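Down below is the structure, laid out as structure tokens.
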Amino acid sequence: MEQNYFLAKWLNNEITEAELKNHVSEEEIRAYKKIISASNQLEAPAYNAEEALVKIKLKHSKSKVKKLHFINFFYKVAAVLAIIAASYYFISNKNTTYATNFAEKTSFELPDNSNVHLNADSEITFKPKNWKNNRALNLKGEAYFSVFKGSTFTVNTVLGTVTVLGTKFNVVVREHYFEVNCYEGIVTATFQNKTIKVPAGSSFKVLNSTSNLVKITETNPSWIENNSSFKSMPYKYVIQEIERQYDITIVYEVEYATTLFTGNFTHTNLEMALQAISIPLNLKYSIISDKKVRLHQ
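Whatever position you read off the sequence shown (first residue = 1), add 208 for this note's numbering.
In structure tokens, the structure reads:
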């Protein structure tokens with residue numbers, strides 16, 4: 209299937225023959241060239257009944273062989289064309305996916321030049337085909353969007369949907385947590401069959417099925433500047449986020465999981481980040497290994 213994929217791209221002038229040779233042997237390339245060249249030149253010969261009758265009488269013993277050769281050739285051409293058609297369909301309809309691991313962020317452009325910043329442990333999937341008329345993607349995790357004006361732009365998540373025309377906004381979806389922050393323009397958030405308008409300078413938050421719309425003063429999400437901030441968030445979400453940003457495991461007493469936390473931590477210095485999340489709760493921390501930290505009294 210991989211060879212068919214690159215063959216289709218070559219025939220569609222999307223890659224050079226030199227690039228094709230990295231995936232398909234020269235012998236196979238020559239064979240495909242011959243078949244395609246011959247298929248372009250297939251033409252029915254002029255028919256002469258008298259001459260045909262003579263040839264039939266003289267070459268009756270060879271006619272079946274030639275017919276079989278032609279049929280075999282025809283099937284080869286048909287097979288190549290079928291491969292090309294199937295591969296082209298596969299190429300044009302496949303999904304594009306961007307994903308990040310723990311302690312990793314990335315940014316990229318969508319087909320309409322809209323910009324996306326993807327936070328750690330997150331994933332975006334979309335179909336590039338016909339993007340101009342169907343700007344829709346699926347999000348797991350957290351992403352900040354700067355969307356060019358145009359047709360409706362939709363972000364689908366397991367907890368809710370966000371729809372805009374052109375704006376700047378941030379969407380985060382984690383365990384039982386869905387939040388949409390609008391920094392420019394206006395967005396529409398849909399949650400449990402309810403539609404909420406979120407204007408610039410507002411945040412729509414859903415936590416454990418409880419939702420609220422509040423004002424915000426930030427002009428962009430803090431995480432794109434390597435800083436995570438929280439306002440009255442259960443402590444377990446703070447722990448999960450620092451684990452996500454530093455690719456570590458934090459052990460702590462479960463009694464603190466629902467304690468509300470307001471504060472922030474940096475993504476560039478683990479010691480400072482641990483101090484920022486432990487001191488407000490009168491906790492101490494011990495770094496057990498490169499990948500494990502314990503919070504305690």
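From the three backbone atoms N, C-alpha and C, an ideal C-beta is built for every residue, glycine too. Predicted model only: the values in this text are computed from it and were never measured.
Between the region 449-464 and the region 408-423, the count of Cβ pairs shorter than 8 Å is below three; the stretches do not touch. In this structure, the alpha-carbon of V363 lies about 36 Å from that of L489.
With a cut-off of 8 Å on Cβ pairs, the region 400-412 is not in contact with the region 331-350, counting fewer than three such pairs.
Put simply, the backbone Cα of N338 is about 53 Å away from that of L491. The count of Cβ pairs closer than 8 Å, one atom from the region 397-408 and one from the region 430-445, stays below three, leaving the stretches out of contact. Taking a 10 Å sphere around the C-beta of K357, we find fewer than 16 other C-beta atoms and assign the residue as exposed. Cβ contact annotation for P319 (same chain, cutoff 6 Å, sequence separation greater than five): P336, W339, in chain order. Per the coordinates, the alpha-carbon of N309 lies some 9 Å from the alpha-carbon of E331. Between the alpha carbons of A226 and E317 lies a distance of about 28 Å. R343 and K376 have their C-alpha atoms spaced approximately 15 Å apart. Residues of the same chain with a CB within less than 6 Å of the CB of M441, apart from the 5 flanking positions on each side, are F469 in chain order. Under the DSSP assignment, V324 falls in the beta strand (DSSP E) whose first and last residues are 323-326. Shown here, V446 sits in a helix according to DSSP, grouped into three states. Pairing N472 with E449, the inter-Cα distance amounts to about 11 Å. Of N341, H325, G368, E312, the smallest CA-CA separation from Y454 is found for E312. Ranked by Cα distance from H384, the first of F399, N378, V370 is F399. In the three-state reduction of the DSSP assignment, Y385 falls in the strand class, which pools E and B.
Rounded to the nearest whole angstrom, the CA to CA distance from W431 to T360 is 26 Å.
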